[in-house]
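**Q** In my numbering, the protein residues as written are 1004 to 1095. All C-beta atoms in this analysis are idealised placements derived from N, C-alpha and C, irrespective of residue type, glycine included. Starting off with a structure, shown below.
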Amino acid sequence: MPRPLQLKKLTFDEVVRYFVEERPDVPQVHHGALLTRQGLSYGFPCLQLFVDRDNHPCLRPSGEPYGRFMVARELDGELLGMFGGRELIIFE
């Protein structure tokens, strides 16, 4: 697994921008998902993935998922509100 992208702050706008601008041109991609783990001292590990209709990760021919792995020191208020204590947000 590649080293995570290190971010000072992950914002809702950045998440949406990535889903729009980096969407792969493959038919199985239906929407996006953002997963995180909250309450860790070093920040928020975040996995941003493109998923199919059944919320399964869409994979490249190499077997790697389309998406990115990041560690953010903090999340903006909009993302924190959307998570609401949960660890998954679906973007349609």
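For V1054 versus G1080, is the C-beta spacing smaller than 8 Å?
**A** Not in contact: V1054 and G1080 (Cβ atoms no closer than 8 Å).
**Q** Can you check DSSP and say which residues form a bridge with E1090?
**A** According to DSSP, E1090 bridges with nothing at all.
**Q** Consult DSSP for E1077 and reduce its assignment to one of helix, strand or coil.
**A** Looking at E1077 - three-state DSSP - the assignment turns out to be strand.
**Q** So the candidates are V1074, D1028 and D1057; which of them puts its Cα closest to the Cα of L1050?
**A** Closest option to L1050, Cα to Cα, is V1074.
**Q** Taking the alpha carbon of H1059 as the reference point, which residue from Q1031, G1084, P1048 and E1025 has its own alpha carbon closest?
**A** Of Q1031, G1084, P1048 and E1025, the residue nearest in Cα terms is Q1031.
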